[in-house]
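For the record, the sequence lines run as chains A and B. Using our numbering, read the first sequence as starting at 1 and increasing by one per residue. Using our numbering, read the second sequence as starting at 1 and increasing by one per residue. Input: a single structure, listed below in structure tokens.
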Amino acid sequence: MADEPALVLAVQAGNERAFGVLAERYLDSAFAAAVALLRDPFDAEDAVQNAFIRALERIDQLKAGSPFGPWFYRVLRSTCLNLRRREALRSHDEIPGSASGGPDPDRDLQRRLTRQRVLSALGELPEMQRMAVTLYDLEGYSHQEVADVLGIAVGTSRAHVHHARRSLRRIIGPEFGPEEAERTDLTT
Amino acid sequence: MRHRRDWPAWLEALRPDDVTRERLRRAILNDARRMLRARRTGWMDVAAQWATMLSPVAAVVTLVFAGLAVMRAPAESMAEAPPRVEDLVGSAPGEAIPAVFTRDTLEDLDLDVVLTAIATAE
């Protein structure tokens, strides 16, 4: 796996392939985070595409040696919030399924149903809790990193993740994972 | 950062399916390619615009220097030393040397001496 700061430097120098590597690396998690935030796979797709392009436009603002991930999630979150503001009048009562079909209809159906349940559960959480628990579970970020991305205190991040996990476990049920799933890095 | 298989089960449901992933990947890379090329083309355009703007100035400067060079050329030829008597004699070896030229032309000639020499020659 290529060194991330080196990839960022290469992108800053205009290297297209380096940007491709970064995009590949963050595409899945960015999509999942955007879906969690927007609860709409179509909007999430737009948001992820726009976030990557905004990140590329502003890549010179990223200091040498800084990690790409937390900075990129800040761009993604801001893109999602802008998108949601623009589409504020659009109803989210009906949550669409997958953005496209796949080769296995049964698996796709199962996936859509599970996604719908998870998105419904996420929909009951405040935006900050949703984003905090997604970053914490998705990227394995520490509370410090989650706090940096969301611009909140470390203790607040810890509280958001704790409450979000408790709510999700209650709504989703055993599929959410065992009680002890929360990592033990509560000091970070 | 977590790897693909490390995601918790509840988040797996949010992962893009293969078709969505491929469509998104292509869209992002196409946008990025367009943007990076536009950025490169932008630099070339700026350089070309500067070259276009500066070319008349360069032409004027060249003309000015060429004019100065032409103006300096006659002045330098006038500053050359006057022909020496020996050279003139050498160019017409059969002719007698007029008395007026037997003197060193580098010396200042007194008007009386010149008039006397002319009268003697006649």
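Virtual Cβ for every residue (Gly too), placed ideally from N, Cα, C. Owing to the predicted nature of the structure, the values given are computational and were not obtained by experimental measurement.
Give the interface partners of Ala32 (chain B) over in chain A, defined as CB-CB distance under 8 Å, in chain order.
Chain-order list of chain A residues neighbouring Ala32 (chain B): Glu16, Phe19, Gly20, Ala23, Phe52, Ile53 and Leu56, by C-beta distance under 8 Å.
Closest residue to Arg158 (chain A) among A:Met131, A:Val8 and A:Pro70 (Cα-Cα distance):
Per the Cα distances, A:Met131.
Is there a Cβ of chain B sitting closer than 8 Å to that of Glu94 (chain A), yes or no?
Per-residue confidence for Glu94 (chain A) stands at a pLDDT of 45, beneath the threshold of 50, marking its modelled position as unreliable; no derived number is given.
If we ignore side chains and look at the alpha-carbon of each, how far apart do Leu113 (chain A) and Asp18 (chain B) end up?
Straight-line measurement puts the Cα of Asp18 (chain B) at about 17 Å from the Cα of Leu113 (chain A).
Identify whether Trp73 (chain A) lies in helix, strand or coil by the three-state DSSP scheme.
Sequence inspection shows Tyr at residue 73 (chain A); the Trp mentioned does not correspond to that position. Reduced to three states, the DSSP call for Tyr73 (chain A) is helix.
Measuring CA to CA, which of A:Ala147, A:Arg58 and A:Met128 is closest to Val11 (chain A)?
Taking the Cα of Val11 (chain A) as reference, the smallest distance to any Cα among A:Ala147, A:Arg58 and A:Met128 is reached at A:Arg58.
In chain order, what residues of the same chain lie with their CB nearer than 8 Å to the CB of Ala147 (chain A), ignoring the 5 residues before and after it?
Around Ala147 (chain A): Ala153, Val154, Thr156 and Ser157.
Can we say the region 107-125 of chain A touches the region 63-71 of chain A, given the rule of at least three CB pairs closer than 8 Å?
The region 107-125 of chain A vs the region 63-71 of chain A: no contact.
Once the 5 residues before and after Ala55 (chain A) are set aside, which same chain residues still bring their CB inside 7 Å of it?
If we look at Ala55 (chain A) and ignore the five residues flanking it on each side, its Cβ neighbours are Phe72 and Val75.
Taking a contact to mean a Cβ-Cβ separation below 8 Å, would you say Arg39 (chain A) touches Leu150 (chain A) in this structure?
No, these two residues do not count as a Cβ contact at 8 Å.
Hey, how far is the Cα of Pro16 (chain B) from the Cα of Val161 (chain A)?
Counting only the Cα atoms, Val161 (chain A) lies some 23 Å from Pro16 (chain B).
In angstroms with no decimal places, state the Cα-to-Cα distance between Ser142 (chain A) and Gln49 (chain B).
Their backbone Cα atoms lie some 50 Å apart in a straight line.
By the DSSP assignment, the alpha helix (DSSP H) with Gly123 (chain A) in it spans what residues?
Membership of Gly123 (chain A) in the alpha helix (DSSP H) is indicated by the continuous run Pro105 to Gly123.
Any C-beta of chain B under 8 Å from that of Val8 (chain A)
Not closer than 8 Å to any Cβ of chain B, the Cβ of Val8 (chain A) fails to qualify, so no.
Ser91 (chain B) classed as buried or exposed, judged by whether at least 16 other C-beta atoms fall within 10 angstroms:
With fewer than 16 other Cβ atoms within 10 Å, it is exposed.
For the alpha helix (DSSP H) holding Glu122 (chain B), just list the boundary residues, first then last.
DSSP places Glu122 (chain B) in no alpha helix (DSSP H); its state is neither H nor E.
Looking at the C-beta of Leu135 (chain A), does it have a partner C-beta in chain B at a distance below 8 Å?
Output row for Leu135 (chain A): interface = no.
I think Glu45 (chain A) touches Leu24 (chain B), with their Cβ atoms under 8 Å apart; what is that distance to the nearest whole Å?
Separation of the CB atoms of Glu45 (chain A) and Leu24 (chain B) is rounded to 6 Å, and the pair is thereby assigned contact status at 8 Å.
Comparing alpha-carbon positions, which option in A:Glu145, A:Gly140, A:Leu138 and A:Gln129 lies nearest Arg165 (chain A)?
Minimum Cα distance to Arg165 (chain A) is reached at A:Gln129.
Please classify Gly20 (chain A): does DSSP put it in a helix, a strand, or coil?
If DSSP states are grouped into helix, strand and coil, Gly20 (chain A) belongs with the helices.
Starting from Ala13 (chain A), trace the alpha helix (DSSP H) both ways and give me its first and last residue.
Careful: Ala13 (chain A) lies outside any alpha helix (DSSP H) and carries neither H nor E.
Is the Cβ-Cβ distance between Val48 (chain A) and Ala34 (chain A) less than 8 Å?
Cβ atoms of Val48 (chain A) and Ala34 (chain A): closer than 8 Å.
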